[in-house]
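I have placed the structure first, in the form of structure tokens, so that the comments after it can refer back to it.
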Amino acid sequence: VVNVFFDVSYTVHTALYVVYFDANLNGLAYIEMAWNALFGVFIVALSVHRGWLQPYAKGLVMTNSLNDWRLVKTVAKVCMPLSLSAVLFYGEWELLTMYAAYMGAAEVVAWSIVDCFWEIFEEAPAGLTSAAIIRIGIHLGNGNPRMAKISAYKSLFYSLVWSATLTVAFMIFSPEIIGCYTRDYVLTTMIQRLVTMVAASNVLFCLGNDSWHILVALGRTKLATSIYFASTWLLTLPLCTWFVFGLGYNLEGLVSAMIVGYATLDIVLLYLVFTTNWKKVSMKIIAKERRLTQAAKEDLKVHTGVVS
């Protein structure tokens with residue numbers, strides 16, 4: 006609720022600033038910085054006031070977790086592949102923006118707007134994905150792989166339905182949606198040519214994103230990141246380079262190359278999800294949880310002086 010309130014308030018204030026105060030990019034950047042700072046302060050203050058941090062206060066401010074190399078290793082083992090995946094994803098888009106710049110200034114603007122569409126499509130099923138990850142983790146940890154499998158498949162189905170609905174709506178209202186971003190005839194024409202391709206790829210992207218998060222929930226983060234790396238930097242980007250610099254294609258060629266690359270990635274990720282041995286994964290997670298719990302108990306005894 007707090008997040009929604011701040012997001013809506015930020016959007017309203019930004020719109021008012023743009024309409025009534027002749028906004029520039031520097032002003033918009035300052036507004037975003039101030040709003041993010043205000044949001045962070047409010048969340049911390051609310052958590053302290055409601056006592057939500059009280060059970061964890063001692064661990065937050067009175068312990069040095071960096072001395073526990075087992076904990077550091079566990080956190081790094083999980084976080085590093087996720088961080089690398091984020092760097093690869095955003096690095097890919099920034100590099101493709103340079104490809105668009107090779108075509109011309111108008112292509113850069115059009116590509117940036119298309120990027121906004123893709124980000125909206127990508128985040129649309131985020132709630133379904135987050136809920137699925139939580140349910141999958143709970144079921145696997147409780148030794149119920151069948152329900153974890155059902156939750157994963159239901160998440161994929163709901164993502165398919167939701168992304169297909171958004172795709173149809175986007176294709177129907179594409180002139181109005183594009184008009185919200187630009188009224189320039191050249192840019193509008195460029196983007197309109199890409200509407201069908203972007204809309205069709207939306208379903209693939211949503212399924213692939215959901216499959217990637219399911220694999221992460223299964224503890225197969227390294228595998229998912231490795232496949233994403235191979236698909237992006239060994240297939241998608243070389244294909245984009247060939248289409249743009251070798252064949253001289255325009256934005257349609259760039260989008261086509263991305264669709265080919267991401268379609269290949271999605272097929273591989275879906276195959277891994279559908280061929281997962283859920284029972285084996287559940288047993289592995291439970292065994293790992295027991296080892297970590299036992300190690301934590303031993304460390305607690307050492308720190309409290311029970312064991313010299």
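In our numbering, each residue carries its 1-based index in the sequence shown increased by 5.
Cβ atoms here follow ideal geometry from the backbone N, Cα and C, with glycine treated the same way.
Taking all protein chains shown into account, do 16 or more other C-beta atoms lie within 10 angstroms of the C-beta of residue i, making it buried, or fewer, making it exposed?
i, result
"P180", "exposed"
"F178", "exposed"
"A229", "buried"
"T226", "buried"
"R296", "exposed"
"S122", "The question names Ser, but residue 122 is Phe in the sequence shown. Buried: at least 16 other Cβ atoms inside 10 Å."
"S287", "buried"
"W74", "exposed"
"I143", "exposed"
"P243", "exposed"
"A262", "buried"
"D271", "buried"
"K154", "buried"
"I141", "buried"
"H54", "exposed"
"V17", "exposed"
Check whether the Cβ atoms of residue i and residue j sit closer than 8 Å, and answer yes or no.
i, j, result
"V273", "I219", "no"
"E97", "T237", "yes"
"V249", "G258", "yes"
"L43", "S52", "no"
"A131", "S168", "no"
"Y186", "I118", "yes"
"L192", "V260", "no"
"T170", "A204", "no"
"F175", "I183", "no"
"C245", "Y104", "yes"
"T376", "V92", "No answer is possible for residue 376: it lies beyond the span of the chain, which begins at 6 and ends at 313."
"P150", "K284", "yes"
"V13", "I48", "no"
Near residue i, which residues of its chain fall below 8 Å by C-beta distance, leaving aside the five closest residues on each side in sequence?
i, result
"A137", "S156, A157, K159, S160, D215, H218, I219 and A222"
"L252", "G258"
"S313", "In this prediction, S313 has a pLDDT of 41, which is less than 50 and means its spatial position is unreliable; nothing more can be read from the coordinates."
"Y267", "S206, L209, F210, G213, S236 and T241"
"L133", "S160, Y163, S164, W167 and D215"
"L65", "L58"
"F26", "G32"
Leaving out five residues before and five after residue i in sequence, what residues of the same chain have Cβ atoms less than 7 Å from its Cβ?
i, result
"T19", "L33 and I36"
"L165", "V208 and L212"
"G146", "I290, I291 and E294"
"A28", "Y22"
"Y61", "none"
"Y15", "W40"
"A115", "L192, M195, I196 and L256"
"V311", "Since pLDDT at V311 reaches only 46, below the 50 mark, its modelled position is unreliable, and the value read off the structure follows with that caveat. The answer is none, since no qualifying residue turns up."
"A111", "V191, L192 and M195"
"Y276", "none"
"G148", "S287 and I291"
"L30", "none"
Below 6 Å CB to CB, which residues in the same chain sit around residue i once its five sequence neighbours on both sides are set aside?
i, result
"I232", "V273"
"Y254", "F248"
"V24", "none"
"E99", "none"
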